[in-house]
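Engineer:
Protein chains: 2
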Amino acid sequence: MPVNIPPLLPEQLLPVKGLSLGITTAAIKQLKRKDLLVMVLDNTTKISAVFTKNKFCAAPVLVAKKHLEDSKLAVRALVINTGNANAGTGDEGIEHAHTTCSELARILNCQAQQVLPFSTGVIMEPLPIDKIITGLPAAVANLREDNWFAASQAIMTTDIVPKALSKQINIQGKQVTISGISKGSGMIHPNMATMLGFVATDACVSKILLDKIIRSATEDSFNCITVDGDTSTNDAFVLMATGCADHDEISNQDSIEFKQLQLAISEVAVELAKMIVRDGEGASKFITVKVEAGKTKDECAKVAYAISHSPLVKTAFFASDPNLGRILAAIGYADIEDLDVNAVQLYLDDLLVAEHGGRAKTYTEAAGQQIMQQSEIMVRVVLNRGQASKTVWTCDFSYDYVKINADYRT
Amino acid sequence: MPVNIPPLLPEQLLPVKGLSLGITTAAIKQLKRKDLLVMVLDNTTKISAVFTKNKFCAAPVLVAKKHLEDSKLAVRALVINTGNANAGTGDEGIEHAHTTCSELARILNCQAQQVLPFSTGVIMEPLPIDKIITGLPAAVANLREDNWFAASQAIMTTDIVPKALSKQINIQGKQVTISGISKGSGMIHPNMATMLGFVATDACVSKILLDKIIRSATEDSFNCITVDGDTSTNDAFVLMATGCADHDEISNQDSIEFKQLQLAISEVAVELAKMIVRDGEGASKFITVKVEAGKTKDECAKVAYAISHSPLVKTAFFASDPNLGRILAAIGYADIEDLDVNAVQLYLDDLLVAEHGGRAKTYTEAAGQQIMQQSEIMVRVVLNRGQASKTVWTCDFSYDYVKINADYRT
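Taken in order, these protein sequences are the chains called A and B. Mind the numbering: the first sequence is residues 6 to 415 in our numbering, read in order. Mind the numbering: the second sequence is residues 6 to 415 in our numbering, read in order.
1. I'd like to know if Lys188 of chain B contacts chain A, where contact means its C-beta is closer than 8 angstroms to some C-beta of that chain.
2. Mark Val397 of chain A as exposed unless 16 or more other C-beta atoms lie within 10 angstroms of its C-beta, in which case mark it buried.
3. How would you list, in chain order, the residues of chain B whose beta-carbon sits under 9 angstroms from the beta-carbon of Gly95 of chain A?
4. Any chance the region 20-39 of chain A sits against the region 95-102 of chain A, with 3 or more Cβ pairs inside 8 angstroms?
5. Less than 8 angstroms between CB atoms is the rule here; does Ser403 of chain A satisfy it with respect to chain B?
6. To the nearest angstrom, report how far apart Leu24 of chain A and Ile112 of chain A are at their CA atoms.
7. Can the beta-carbon of Leu104 of chain B be found closer than 8 angstroms to that of Met161 of chain B?
8. I'd like to know if Tyr338 of chain B contacts chain A, where contact means its C-beta is closer than 8 angstroms to some C-beta of that chain.
9. Between Glu360 of chain A and Thr182 of chain B, what straight-line distance do the alpha-carbon atoms span, to the nearest angstrom?
10. Could you tell me the boundaries of the beta strand (DSSP E) in which Ser256 of chain A lies?
11. Would you check if the distance between the CB atom of Gly202 of chain A and the CB atom of Ser187 of chain A is smaller than 8 angstroms?
12. Does the Cβ of Lys77 of chain A have 16 or more other Cβ atoms within 10 Å, making it buried, or fewer, making it exposed?
13. Tell me where the alpha helix (DSSP H) around Thr139 of chain B begins and ends.
14. Just list the residues that DSSP pairs Thr125 of chain B with in beta bridges.
15. Please determine, among A:Asn147, A:Asn89, A:Leu148 and A:Ala146, the residue with the shortest C-alpha to C-alpha distance to Pro122 of chain A.
16. With distance defined between alpha-carbon atoms, name the residue in A:Gly93, A:Pro142 and A:Ile128 nearest to Cys106 of chain A.
17. Would you say Val55 of chain B and Ala339 of chain B are within 8 angstroms of each other, going by their C-beta atoms?
18. Rounding to the nearest angstrom, what Cα-Cα distance links Val318 of chain B and Ile332 of chain B in this structure?
19. When you compare only the Cα positions, how much space is there between Thr199 of chain B and Gln116 of chain A?
20. Within 8 angstroms (strictly less), CB to CB, does Ile165 of chain A reach chain B?
21. Please give me, in chain order, every unbroken run of the alpha helix (DSSP H) with length at least 4 that falls completely inside the region 332-392 of chain B.
22. Measuring only the C-alpha atoms, how far is Cys62 of chain B from Val387 of chain A?
23. Here's a check: name, in chain order, each residue in its chain whose Cβ is nearer than 6 angstroms to the Cβ of Asn347 of chain B, leaving out the five neighbours to either side.
24. For the region 36-56 of chain B, enumerate the residues whose C-beta is nearer than 8 angstroms to any C-beta of chain A, in chain order.
25. Strictly under 8 angstroms for the Cβ-Cβ distance: is Ile193 of chain B near chain A by that measure?
26. Give a yes or no on whether the minimum CB-CB distance between Leu201 of chain A and chain B is below 8 angstroms.
27. Below 8 angstroms between beta carbons: does that hold for Ser157 of chain A and Lys172 of chain A?
28. Taking just the CA atoms, how far does Met6 of chain B sit from Gln17 of chain B?
29. Return the first residue and the last residue of the beta strand (DSSP E) that Gly27 of chain A is part of.
30. Answer yes or no: does any C-beta atom of chain B fall closer than 8 angstroms to that of Arg390 of chain A?
31. Roughly how many angstroms separate the alpha carbons of Ile302 of chain B and Ser124 of chain A, rounded to a whole number?
32. For Gln177 of chain B, name the three-state secondary structure that DSSP assigns.
33. I want to know whether the region 222-232 of chain A touches the region 56-75 of chain A - three or more CB-CB distances under 8 angstroms.
34. Using the C-alpha atoms, what's the distance from Val384 of chain A back to Leu353 of chain A?
35. Using C-beta distances below 7 angstroms, list every residue in its chain close to Gln258 of chain B, excluding the 5 sequence neighbours before and after it, in chain order.
36. Could you pull out every residue in the same chain whose Cβ sits closer than 6 angstroms to the Cβ of Tyr406 of chain B, ignoring the five residues on either side in sequence?
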């Protein structure tokens, strides 16, 4: 079961003015599951997106990027299917992504270039385009502003729980809403190759500043999480600002309003990202890996990911076994130039585990054991050679990870 | 159970003239297990070794490297313990490694610098040096040239089966013997951070050529295997040539004799390395990943390791599920510059699975399924952009991997 995610209640999710969501069951992979989501945007909407860096990226990623780059027209709709990734599907996959866009455009009476397609699910199987075409009118028929809860369910694959969040802030005396949904839960890895995340706000903000916000929000959230180190073919994070809240456009990056909005959107993105790790495939623990006092952020990240990806470390967390030498081993192979291992300190929460190249004199197995049994654990590595730091969130590696991934298609 | 390793019979292992082996039960971690091995070498022996690149490398690695570099005297003995890695043990660990050497040197009447120490087992726990000191006389007392089988057992940790091999060749009409032992079976990764391997021959060969042989043999064997991507703190491969076979010293690298010896030692190293993968923790399948027609060997290796390390790919193999899109995804995130995914071909054994960016027209799920059920499978990726290639051997990822590593210290 997911680690410490409180149950999501539909009433916690707030509508975003200017954006409506329609959901249907298109029976793409399973007969009775919501698997097709349409989001329709007011024509005042600004949009920014970041995509997977996987070279075998999916057809919808290629098409969505192209539509964002080429079109002079505002994006009017997103269409998201689960159950099939439309990745590793060659020219036919591209055609299917185009058809999906043009069919939805026809129904909504806009251009195909104004539609962005997204897919998630099994790779290298043909997208059942007929089912999607059949499903689109039904999804459009139930478009509603208060459909966020159903939308969060409609994008799930191996996720156990839906992931969504709303937040409100006050800008110039006006209420501004931010709502977002995300899905994991395997193939979670940094560099925006992580998952699907959609965050919308009714704030009014310039495109340039929206692009700035998505970059910093991604860096702090989806680029800090890892479940298994696999970088997906499909994943994307989309940020939409409908501009329907009744305040002046935010166009100055030094303004209080910009900072307010940036912070609030980052907070939503961070929560959505953490929920993905908490619901990582087979996760039973939520692990924060913080690497401090490195020369560069990059070297801190190398150490943090070496620890976060190590199957040996992850199985030790699963077993609540303070076999913490495995963490030292991971630090040691992270390939940091001239690392003086004698200067490195390793903490579990506030417990000093290792220093001077070995176990700390004050460390006891009993104290380590106690922390390892918690469902939330902080691994802190102090490199003692600079000012940079990096935090990564990950989960443990359990029987269930193997089970889920061995059984995925059955 | 290990994948297709025939049972090892003591009589298959041949003595190497000039080298004797003594084993005892020192009760380092378990009460009744052989866990201490001493190898004693004639003073004519040449020796070469390669060690882990892990920055947190173990105390015995530091000491063995120093003894090899500093000493003008011939190495006379190796001492190997299992049950404790003496890694992440700080200054005390170094002291214990020194004490181990000086104690054995005292018994053998040589210098401490003539002894190389090796350890394997749990990290960051103090080496029980008293048990080792107590065990050494017993190990020395049963030194015998025909003790290879017991030696292969004495270095096991989570290994299910002992790994050993002998081979004989004829040089200048004289019989030359090569015998070797190795141990895995987690933390198996390339760059000589893999395991313990000891190969000895009675051939007479110059030190320069022995160094050449160890480099090429390592590159073809231990640097081609991976179980979980974790790079250990302790691992080492040692090649010893006692010079006791009655032929002229091999000192010309263009000679037939050199090539014979190099080939034979490489063959032994490759078999020992493959055995480690076949007995990888929880392994149920032996997978060969061959990446061909790349621009450089390095980029082929990147692709091969991305595939070999992907938990998603490895669990699909465990499940015999031809969810082969996961292999495309791994190729895609291997970070190869300007990779044209449409030029990439993916084969499972001789079955063409993907080309032109998607599933091959001739591919059928039934054909893929059939191959996935085999215990030995070849994944072949043709990048179609150059002449280089790289082969990596790995295994699948099973419930048992998690179980073994979750339970390791209990």
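By construction, the Cβ of each residue, glycine as well, lies at the ideal position given by its N, Cα and C atoms.
Structural biologist: Taking the definition as stated:
1. no
2. buried
3. Asn347, Ala359, Glu360, His361, Gly362, Gly363 and Arg364
4. no
5. yes
6. 17 angstroms
7. The sequence shown places Thr at residue 104 of chain B, not Leu. No; because the gap between Cβ atoms is not below 8 angstroms, this pair is not in contact.
8. For Tyr338 of chain B, the answer is yes, since a Cβ of chain A falls inside 8 angstroms of its Cβ.
9. The alpha-carbon of Glu360 of chain A is positioned some 46 angstroms away from that of Thr182 of chain B.
10. Per DSSP, Ser256 of chain A is not a residue of any beta strand (DSSP E), being assigned neither H nor E.
11. yes
12. exposed
13. Ile134 to Ala146
14. B:Thr87 and B:Asn89
15. A:Asn89
16. Taking only the C-alpha atoms, the option nearest Cys106 of chain A is A:Pro142.
17. Contact flag unset, no.
18. 6 angstroms
19. Confidence at Thr199 of chain B is low in this model, with a pLDDT of 44, below 50, so the placement of that residue is unreliable and no value is reported for it.
20. no
21. 370-377
22. 18 angstroms
23. His361 and Gly362
24. So nothing in the stretch comes that close.
25. Low local confidence applies: a pLDDT of 48 at Ile193 of chain B is under 50, so the model's placement there is unreliable, with the coordinate-based value given in what follows. Ile193 of chain B does not count as touching chain A.
26. no
27. no
28. 22 angstroms
29. Leu24 to Thr29
30. no
31. In the sequence as presented, Ile is not what sits at residue 302 of chain B; that position holds Lys. Their Cα atoms are separated by approximately 34 angstroms.
32. In the structure shown, Gln177 of chain B adopts coil according to DSSP, grouped into three states.
33. no
34. 5 angstroms
35. Leu214 and Lys217
36. For Tyr406 of chain B, where only same-chain residues beyond five positions count, the Cβ hits under 6 angstroms are Glu286 and Gly287.
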